[in-house]
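Enquirer:
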Amino acid sequence: MDSKLFPEGTQRCSFGQFMLWMGFLGAVFLWGVYGATLVLYNGIGTTGLDNYFGFGAWITFDLAVIALGAGAFFTGLLKYILKIKQLEKIINLTVIIGFCCYAGAMLILVLDVGQPTRAWFGYWHPNVHSMLTEVIFCITCYLIVLIIEFVPLILEQKQLNKIPFIHAFAHNLHVNMALFAGIGAFLSTFHQGSLGGMYGVLIGRPFAFREGFFIWPWTFFLFILSAVGTGPVFTVLVATLMEKITGKKLVDFKTKALMAKIAGSMLSVYMFFKIIDTWAWATGYLPSVGLTFDDMFYGFIYGKWLMFSEIVICGIVPAIMLVVPSIRNRPGLLYTAGILACIGVSLNRYIFTVQTIAFPVMPFDTWQLYYPNWVEYATSIMIIAFGFIVISLSYRYLPVFPLETKLNYQSGD
Amino acid sequence: MEERRASKRCGGVLPFIIGFLATCVLGWAVLPGLFYEEIEQPFKFSHAIHVESEGMDCESCHYFRDDGSYAGFPTNEGCAECHAVDPEEAMEAIAEAGIDPSDYNAIIAAELEVIEDNLLSGEDENKAAEREYVVKYLIQSTEVPWLNYQYQPDNVYFSHKAHEGLDIAELAEMKNELSSVVDSAVFDEPGEQNCNLCHMKDIDKNDTPPAFERNIISGYSKMTMKMWKCERCHALKGQPNACYTCHK
Amino acid sequence: MQMKEFKVKWGMVIDVDKCTGCGACMVGCQVENNIAPMTKKDPYNYVQALTWDRDDASNKLKTLTWLYVYELSNGKSFPEHETAYLPRPCMQCGNPACVPVCPVVATEKNEEGGIVSQVTPRCIGCRYCMAACPYHARYFNWWDPIWPEGMDKGLSPSTAVRPRGVVEKCSFCHSRYLDAKDQARQDGNDPMDLPDGAYNTACADICPTKAITFGDLNNPEHKVHELAKGKNAYRLIEKLGLDPQVYYTSEREWVRKLGDNYNADGGAHGAPSNSHG
Amino acid sequence: MSVARRAFIQMSVGATVGILFTPTVWTLLDDVSIWTQNWPWIPTLKYGEVKGVPTVSKMCESGCAVKVRTVAGEAFGTEGNMDNPLSGGGICPLCANGVQVKNSPNRIAAPMLNGEEITWEKAEEVLVDKLAAAGSNVAVISGDQTGTVNELLSAVLTGKQSDKFYTMPCDMQVSDRAWTGLMGGSGQIGYDMENADVVLLAGADAFESWGPTVANMKAFANNEGGKFIFAGPMQTKTASVTSKWVPVPAEGMAAFTLGICYYVLQAGKSVPASDFDQFKAMVMAGYTPAKVEAATGVKADQMAEVAKQLLSASNPVVVPAGSVAANAAGIALNLLLGGGMKVLPEFAAAVDGAMTRSEMLKGDILQGVDAEMVIIYEANPTYALPEQVKAGFTVAIDSVNTETTAAADLVLPSLHSYERYDDLASPYGVASAIYTMGAPVSKPASGAKDARDLFLAPAGLDSESFAEVIEAKVEAIGADMDELVEGAAYVLEETPDMSGVTLAASALGKAAVPVKGTGAVGLAPYTVLSVGTANQATTPNAPATISNNQLVGDNMVVMMASVTAKKLGVSVGSKVKLSGGNGECEALVQVFEGVLPGVVAAPLGMGHTVGDEFSKGKGDNVYKILTVSSEAAAGASTWAGSTVNVAKI
């Protein structure tokens, strides 16, 4: 019944089937909305956060999705600025994913600040020395950029595009997209860095504190690298997941492999510096404040295995898998590497958020455990549901994948 | 093509200017007024009568305590020094007359001696105001809920003592820098009291207190000095602008 | 790391050997600063009534204790075991970890004796400062403050009541400082040169063993000036370079040793026996 | 596209730019930012003149000399009173919360008869009738140790030929039994810790719960160079600041003290007491270090060490606590050492027919009270002595709801300390006879009246109000009312006659023998003021200050050394049931190496079943598991030596 709205020359599942799918997503989303309502109405005491863990699941989630959403700016940068033509086959998807991730992060932040109605004070009374101010600036601005990048895609919707004004408008936007991509790249690079800087500047938290370059601690650069190292593969994974769900080929493997190659090389660079940084921190900084590497870990929850899996299993291993062509070109292995890399970056964000503040700096203080409660899970899952909804709608009604018709409905090439 | 571009040009500038001017006028002349609602003071208190007629001076009600804190609004205790209606007697009389002590109109109507005999005002209008005060507040021993034109929230600590020495004449040099903070009229004929700098000008000569203008969004008084004003003057005077200089 | 220095530098010297951990200071602090007792129910919030209870004060991770008394143990077993009590206000660091991270300038290190301010009406409740402070001196209002009926009429004029969702911390009862300055002006003295004791915090006032001494560290007339230089004076986790304005003193070495990390040497300031400046 | 549309777009652009050239947007934003900063449901503050009004607070056992801070006449806080030797600027955590308790919704609004609110007239009627009906079978239980109100209430009894006056079990009573009972002394024992150079706290948790806590802490603070030693079954908060902790089981305290006497006697010390030789013989024979070590487990050399320090001191003092025997032994040791122990005279009485303090302390409430009518004044026996009190008709006087008021037939709301005239005469333990009084600071809460006034007539007084009784008292002791109201204390310098004082050799010899219960482990009940006392429940701001070593969630925590835990097969966090006396308690285990092996330390004052949410249902009531054993030789009963069985659940 809504077939008129489908992209040119494509087929989609029945409306009923689609509604069923959306109904399921909607239900999950509403569960999250209930959690969010409790938080906004009763206060953050509703969550599992406490005085020792002012940052927890939410911040970890934010950092993770923002890192994974980095595919958008980086791919944009490569396509529009460095003019890598190949990437246009997937660029639309990166934009949508970026939009979902950043919009989601913003929603979570609204819950996470104790006084949401004052959230805009970041602009009204900014403290230019705070990394968080930089984050607030960049994320909000970049979200706007992403929206601007998303709009033309919407306007290219078959029916909308028939309207001359919209057609013209969409065209103009397309012409200027390079500009936005540029701005986006700049903004995104910066706040990816600032997010890392947020932890690096914590002089009171030996687990996270790092020396650095000019005003930026090393974590600033490490976060950028880790983000660009995983963002692209995440896009690839999403595309693949969509293929699995829809049973159609949406992106040719050549493009995926290219993305993976890019990610892989960035990831290798990242791992190189990450390892140096960790070593310098453990052998140089920690002793200078009377601490040892072992002091930083405790029991199972805060055990060394975390850092090991982050750096080795989910860092070095996927980096190698992605740079070595013979491995990279095997779809199965490529996806495995991709998944590992994404887990790695999420782990990194978790460790920097939770373990940093869990380590008792005062010798007579104790390690405390932090359990997020269902409210934090529900609201985070709400964001994922939101992402699914946006992507499902886009896929059904918007010409997201330029190659779709070619790959599915035309024989040979 | 030609006329099209032409139309574009004129169509470009004119509407723009129209819109620009329209909102400018609105923004400067009309809109600001819409943000305030007027609230009357609890009753008509006349500074003029107390100061000019009775020859009281400001300090008899608004004075510094021994600890350096400032007694802003007078309390019933202070007022009772002159308005000598004994609450207990009055309440007894009201009870005898069988009136509900919270029914002010009835009490006023009853014209009880304890109250009437102790009213000090001459003219009826003033007598009415005084009677209102006595009945509603003094004998009920509830303090008058004055509306403070210079209202500041709990998180602000304002020290009158620290500002006691401000000299209008001295500040007059910064007249221009302070134009947005202090009403320039103050500098024209500097009185010996520096209160006019922040408080309602010449309130001591005022007979009917002006309405309290309440901002419908913030709830603050129109005369509430906002932080940037405090900061401006502190900066000009070389005073600290640390948060804890004024916040608690 | 540049330290901010001011003419007046309010500080504390806490004698751990005198503190019995009775808790009077913590109660006095809550009363002075309008910290509401923790109640499980919120009678004014219908949604709250529908869900689970608020936290009670036994959950030390959700309480608001600007001043918190830690119990120290020498870790030995009977009969060598020893205990000590260590009150922990805000350290008012010379090089605070919390100030530069605040995105909205709700907290700053500035004049007013170098007390690190926290202006709750400005705070957006992002809790970044809590993540930054290794002393756990900063507290978040997880719930709306509620005084059992009638108890809210006896509120202290010295500190504005905070809503939920903002971070707050010990301010060295700084409105008492403002009061003291007014007193000085009234008496014709110099408000920037208060005599010892003219300004004292609620906890120091109330302490039955006078374990807490408060004053201007820069002023030789004030007791703390010497006490902070004492041979047993030390500060908590000094090696991080936060330069706290709160000093501790104890004749017991194990207590001093618990003041900083010594698991690896290379400590910037060396042993706690001579630690200041 | 058409000109019209473009024109419109351009006009709106112009409009937007235009508005930005006016202050509107910025002031609007500023106002909105202010709006976000003031939430209507957040209470606002009251301003006005700030004062510190001196008065007394009766929330802790000994009472505190305080200054109530008021703003525009409304009380908001409590601070110490520099000018008063009882405070010296400090106060205890209970009294620090006084104003909040005064304003608590847990206050009793009106008199109640069997749970029904009644008028004050009716209440007085009932009281008079019941008093008449009860005849001489009337008893009084007072939770006040130092107030002139006791004179009033005891006079009521005297008028009815009854001597059934009881105080709640307290150190003052035990000390009096030892001093005036066994040793034939008169007056009240006090200890000068401030000027002593060696202080042995023999079981006295002086800086937390024993005697005039705040005055003790002040003495400790002012005593430069003085050496403090704490002896007791656990490392109390007091022990955390003393230079030494000597682990001694509660029931062994008397023997331990006599063990020290042994060395002191050996050093040739003596006293001109009639039974000195008998005493010396008794100690030298029955309490040799070896025997004491066998009986109490305290090493002989430890006693020798303590004795050495006491002997080498120029002005030593021993502060005993616990059983009557322990007190007698302690007093004897002090007499031998001739140090800082003081004997205080009693202040002149203001009410005819009033009992002396010593007479008031004679009744042994642990033996049980059984009377036609029992008048309970600001005490909570229903909570702390669940089994001892039986009465035909109970009158409870208190300002807040307690187990006792809930169970009473007639409840008379009393005023809070800050709302009434009240006084403090020589709290037990102070070094000199000291009198402090306080005038009302706040207006009484609505409905509240001074319940004490109802007893003026029954006591045969024609005074209008209790205030007059206080005035009479001040006059009787020869103090100056105005000075007292200003917060100064009146000190009486004179020492009662010491002739005829004995060392109670015969009684002590038997009574000092440690008697232990039959339970598996010893029980060391301890008091922390932040939790409360037998009569005062946890105050509103206290819970945040109560450590997880006393309370976790709603569970009481008991502490024991790791060896004990191992022996009992429990570990940190395991839930246990303690059974002793005729009751049971539930608790969580915490390992604390500062407890004598074989002993479990449990906090008193929890597990209330009536009251506000700060005390009700928090933890369990340890008084239920205390065993009352009788000190046959001393003719008294004690809780010392209580034991419990511990079962894991």
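Chains as they are written, first to last, in our numbering: chain F, 1 to 413; chain E, 1 to 248; chain G, 1 to 277; chain L, 1 to 649.
Ideal placement from N, C-alpha and C gives every residue a C-beta, glycine not left out.
(1) Between which residues of its own chain and alanine 354 of chain L is the CB-CB distance below 6 angstroms, once the five residues before and five after are set aside?
(2) Ends of the beta strand (DSSP E) at tryptophan 245 of chain L?
(3) Given a cut-off of 9 angstroms on the beta-carbon distance, is the pair proline 148 of chain G and proline 163 of chain G in contact?
(4) Tell whether a beta-carbon distance below 9 angstroms holds between valine 389 of chain L and alanine 537 of chain L.
(5) Using a Cβ-Cβ cutoff of less than 6 angstroms, which residues in the same chain neighbour asparagine 263 of chain G once the five nearest sequence positions on both sides are dropped?
(6) Suppose you measure from the CA of aspartate 55 of chain G to the CA of glycine 45 of chain F; what does that come to, to the nearest Å?
(7) Does any residue of chain L have a CB that is nearer than 9 angstroms to the CB of lysine 226 of chain E?
(8) Do you know offhand how far threonine 63 of chain G's Cα is from alanine 57 of chain G's?
(9) I'd like to know whether the C-beta of threonine 117 of chain F is nearer than 9 angstroms to at least one C-beta of chain L.
(10) Pick helix, strand or coil for threonine 405 of chain L, following the three-state DSSP scheme.
(11) Would you say valine 99 of chain G lies against chain L (beta-carbon separation less than 9 angstroms)?
(12) Helix, strand or coil: which one does DSSP assign to alanine 602 of chain L?
(13) Select from L:Ala281, L:Glu403, L:Gly500 the residue whose C-alpha is nearest the C-alpha of tryptophan 179 of chain L.
(14) Identify the contact partners of tryptophan 124 of chain F in chain L, using a Cβ-Cβ distance below 9 angstroms as the criterion.
(15) How would you list, in chain order, the residues of chain G whose beta-carbon sits under 8 angstroms from the beta-carbon of isoleucine 434 of chain L?
(16) Alanine 68 of chain E touches chain G at which residues, Cβ-Cβ below 7 angstroms?
(17) How many whole angstroms separate the CB atoms of valine 351 of chain L and alanine 139 of chain L, which I take to be in contact at a CB cut-off of 8 angstroms?
(18) 9 angstroms is my cut-off, CB to CB: does phenylalanine 121 of chain F come that close to chain L?
(19) Please confirm whether glycine 18 of chain L has its beta-carbon closer than 9 angstroms to some beta-carbon of chain E.
(20) Considering only residues of the same chain and omitting the five flanking positions on each side of glycine 77 of chain L, which have a CB-CB separation below 7 angstroms?
(21) Just the Cα atoms here: how many angstroms apart are methionine 183 of chain L and alanine 254 of chain L?
(22) Determine whether the Cβ of methionine 1 of chain E lies closer than 9 angstroms to any Cβ atom of chain L.
(23) Using a Cβ cut-off of 9 angstroms (strictly closer), state whether alanine 36 of chain G contacts chain F.
(24) Could you check whether glycine 113 of chain G and proline 363 of chain F sit closer than 9 angstroms to each other, using their CB atoms as the reference points?
(25) Do the region 107 to 115 of chain F and the region 265 to 273 of chain F meet, that is, are 3 or more Cβ pairs less than 8 angstroms apart?
(26) Measuring straight from C-alpha to C-alpha, what distance separates alanine 215 of chain L and leucine 369 of chain F?
(27) Return the residues of the region 356 to 370 of chain F that lie within a Cβ-Cβ distance of less than 8 angstroms from chain G, sorted by chain order.
(28) Tell me which residues of the region 201 to 220 of chain G have at least one Cβ-Cβ distance to chain L shorter than 7 angstroms, keeping chain order.
(29) So histidine 83 of chain E and leucine 34 of chain E are supposed to be a Cβ contact under 8 angstroms. How far apart are they, rounded?
(30) Where does tryptophan 120 of chain F sit, in a helix, a strand or coil, going by DSSP?
(31) Any beta carbon of chain G sitting closer than 9 angstroms to that of proline 145 of chain E?
(32) Where DSSP assigns a beta bridge to threonine 213 of chain G, which residues make up the other side?
(33) Does the distance from the C-beta atom of alanine 131 of chain G to that of methionine 91 of chain G stay below 9 angstroms?
(34) Kindly say whether proline 134 of chain G, judged by its beta-carbon, lies nearer than 9 angstroms to any beta-carbon of chain F.
(35) DSSP on phenylalanine 253 of chain F, reduced to helix/strand/coil?
(36) Checking contacts by CB at 9 angstroms: is glutamate 231 of chain E closer than that to chain L?
Expert: Working from what's here:
(1) Cβ within range, chain order: Glu151, Ser154, Ala155.
(2) Run containing tryptophan 245 of chain L: 244 to 247, per the beta strand (DSSP E) assignment.
(3) Taking a C-beta distance under 9 angstroms as the contact criterion, proline 148 of chain G and proline 163 of chain G do not qualify as a contact pair.
(4) No. Outside cutoff.
(5) Cβ within range, chain order: n/a, list empty.
(6) The alpha-carbon atoms of aspartate 55 of chain G and glycine 45 of chain F are separated by roughly 8 angstroms.
(7) Answer yes: the Cβ-Cβ gap between lysine 226 of chain E and chain L drops below 9 angstroms somewhere.
(8) Straight-line measurement puts the Cα of alanine 57 of chain G at about 6 angstroms from the Cα of threonine 63 of chain G.
(9) Yes, because at least one Cβ of chain L sits closer than 9 angstroms to the Cβ of threonine 117 of chain F.
(10) The answer is helix: DSSP assigns threonine 405 of chain L an H, G or I state.
(11) Chain L contact via Cβ: absent.
(12) When secondary structure is reduced to three states using DSSP, alanine 602 of chain L falls in the strand class.
(13) The shortest Cα separation from tryptophan 179 of chain L among L:Ala281, L:Glu403, L:Gly500 belongs to L:Gly500.
(14) Within chain L, the residues near tryptophan 124 of chain F are Leu29, Asp30, Ser33.
(15) The premise fails here: isoleucine 434 of chain L is roughly 17 angstroms from chain G at the closest Cβ pair, so nothing lies under 8 angstroms.
(16) The amino acid occupying residue 68 of chain E in the given sequence is glycine; alanine does not appear at that position. Ordered by position in chain G, the residues that pass the 7 angstroms Cβ test against glycine 68 of chain E are Asp182, Gln183, Arg185, Gln186.
(17) About 18 angstroms separates the CB atoms of valine 351 of chain L and alanine 139 of chain L; that is not less than 8 angstroms, and the two are not in contact.
(18) Phenylalanine 121 of chain F counts as touching chain L.
(19) Glycine 18 of chain L has a beta carbon lying within less than 9 angstroms of a beta carbon in chain E.
(20) Taking C-beta separations shorter than 7 angstroms and ignoring five residues to either side along the sequence, the partners of glycine 77 of chain L in its chain run Arg69, Val99, following chain order.
(21) Here the alpha carbons of alanine 254 of chain L and methionine 183 of chain L stand approximately 15 angstroms from one another.
(22) Reliability of the predicted coordinates at methionine 1 of chain E is poor, the pLDDT of 42 falling under 50, and the value obtained from them is presented with this limitation in mind. By this cut-off, methionine 1 of chain E is not an interface position.
(23) So, not an interface residue.
(24) No, Cβ-Cβ distance for proline 363 of chain F and glycine 113 of chain G is not below 9 angstroms.
(25) The answer is no - the region 265 to 273 of chain F does not touch the region 107 to 115 of chain F, with fewer than three Cβ pairs under 8 angstroms.
(26) Answer to the nearest angstrom: the Cα atoms are 42 angstroms apart.
(27) Shown in chain order are the members of the region 356 to 370 of chain F whose Cβ falls below 8 angstroms from a Cβ of chain G: Thr356, Ile357, Val361, Met362, Pro363, Phe364, Asp365, Gln368.
(28) Residues passing the 7 angstroms Cβ filter: Asp205, Ile206, Cys207, Pro208, Thr209, Lys210.
(29) Taking the Cβ atoms as the reference, histidine 83 of chain E lies roughly 40 angstroms from leucine 34 of chain E, outside the contact range of under 8 angstroms.
(30) In the three-state reduction of the DSSP assignment, tryptophan 120 of chain F falls in the coil class.
(31) In terms of beta-carbon proximity, proline 145 of chain E stays away from the interface with chain G, with every pair separated by 9 angstroms or more.
(32) Beta-bridge partners of threonine 213 of chain G (DSSP): G:Val13.
(33) Result no, Cβ atoms of alanine 131 of chain G and methionine 91 of chain G do not sit closer than 9 angstroms.
(34) In terms of beta-carbon proximity, proline 134 of chain G lines the interface with chain F, with at least one pair separated by less than 9 angstroms.
(35) If DSSP states are grouped into helix, strand and coil, phenylalanine 253 of chain F belongs with the helices.
(36) Under the 9 angstroms criterion on CB atoms, glutamate 231 of chain E is classed as non-interfacial with respect to chain L.
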